[in-house]
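Data first, discussion second: the structure below is written as structure tokens.
Numbering (my numbering), first residue to last: 420 to 732.
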């Protein structure tokens, strides 16, 4: 475990960000402190609660049989369909009793080092706002539906919950080597867009970016266009990714124990010393070391993707 985590780091306090670490600049709102936590959860309107309910209902039409069993079990354990945006305090009590995690409100995307610190302390930062009817189908910045519906059910699984904490601890090592993009790629292809092989020919989604949207929930596990490749951590951390469209490639794990083992037992110091400053592989690439479950046609991407109106097949 010490190979991924940063054992000398004191996670009880938020450390200063070293000046020589390269991170995306974000302007902190005046009303939040260095931890970026909101004073309270938003007092959502009746329309906001209805948006949540409609989003929830839409996802429940497509997720059964496509979402990981652990995710569906987490939805039930937390009763996220009880009506309206969940209250973070009550949800945190329930989640805390299961795996020791809590959910905390933040105003927007937060800096990497703050995000890592919260994860290392088993706190999941969730956007303190919900999309509008005008942005119902697609929103660029993750809102409370993506963060809570997409991410939080997986935190009821003990092994995945431990993986997320270790990821937070690993962030400090990645920053020291200035390889946040590489570690971000691992997050992208697991926590956001990961698939799991629950049985032969039974591939399901556990990534929040898939589970919080209806199109990708189907595309990721059924479409002919994308590659589906068994996870190799070294390869994934050298692979580019697309933010504003469906993924050309998905990586598949055997189990959450396998995901934990592949990361926590990896010597990341050695890996970071071998990485270049940019990605090695395109997000469509299939290379000789890949264990390929499905080699995609890439038709959706070659037709121009979302911007062209191409059908996601």
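Just so it is clear, CB atoms sit at the ideal spot from N, CA and C, and this is done for glycine as well.
query, result
"Beta carbon of residue 564 nearer than 8 Å to that of residue 456", "no"
"Limits of the alpha helix (DSSP H) - the one that residue 532 falls within", "531-539"
"Limits of the unbroken alpha helix (DSSP H) element including residue 648", "Careful: residue 648 lies outside any alpha helix (DSSP H), inside the beta strand (DSSP E) at 646-649."
"Residue 596 and residue 613 closer than 8 Å at C-beta", "no"
"Residues near residue 682 by beta carbon distance below 8 Å, same chain, minus five either side", "423, 582, 585, 586, 589, 605 and 652"
"8 Å Cβ shell around residue 663 - same chain, five flanking residues per side excluded", "559 and 725"
"Where residue 611 falls, given that 16 or more other Cβ within 10 Å makes a residue buried", "buried"
"Residue 524 in three-state terms, based on DSSP", "strand"
"Inter-stretch contact at 8 Å, needing at least 3 Cβ pairs: the stretch 573-581 / the stretch 525-532", "no"
"Residue from 538, 549 and 666 whose Cα sits closest to the Cα of residue 411", "Missing from the structure shown is residue 411; the chain here goes from 420 to 732 and no further."
"Secondary structure of residue 718, DSSP reduced to three states", "helix"
"Same chain, Cβ closer than 7 Å to residue 548, neighbours up to 5 away in sequence not counted", "461, 562 and 563"
"Bridge partners - residue 732, DSSP secondary structure assignment", "Bridge partners of residue 732: none, in fact."
"Three-state secondary structure assigned by DSSP to residue 612", "coil"
"Of the residues 477, 650 and 727, the one placed nearest residue 713, counting alpha carbons only", "650"
"N-terminal and C-terminal residue of the alpha helix (DSSP H) that residue 477 is part of", "465-481"
"Range of the contiguous beta strand (DSSP E) that encloses residue 545", "542-546"
"Whole-number beta carbon distance between residue 482 and residue 568, since they are thought to touch under 8 Å", "Contact flag wrong, Cβ pair sits at about 10 Å."
"Nearest-angstrom Cα separation, counted from residue 704 out to residue 506", "42 Å"
"Where residue 592 falls, given that 16 or more other Cβ within 10 Å makes a residue buried", "buried"
"Best match in 671, 636, 717 and 510 for proximity to residue 647 [C-alpha to C-alpha]", "671"
"Nonlocal neighbours in the same chain, by C-beta distance under 7 Å from residue 633, ignoring five residues either side", "477, 478 and 481"
"Contacting residues, own chain, Cβ-Cβ under 7 Å from residue 451 (five flanking each side not counted)", "457 and 526"
"Rounded straight-line distance, which links the Cα of residue 453 to that of residue 493", "31 Å"
"Through-space distance from residue 523 to residue 657, alpha-carbon basis", "31 Å"
"Buried/exposed call for residue 543, threshold 16 Cβ in 10 Å", "buried"
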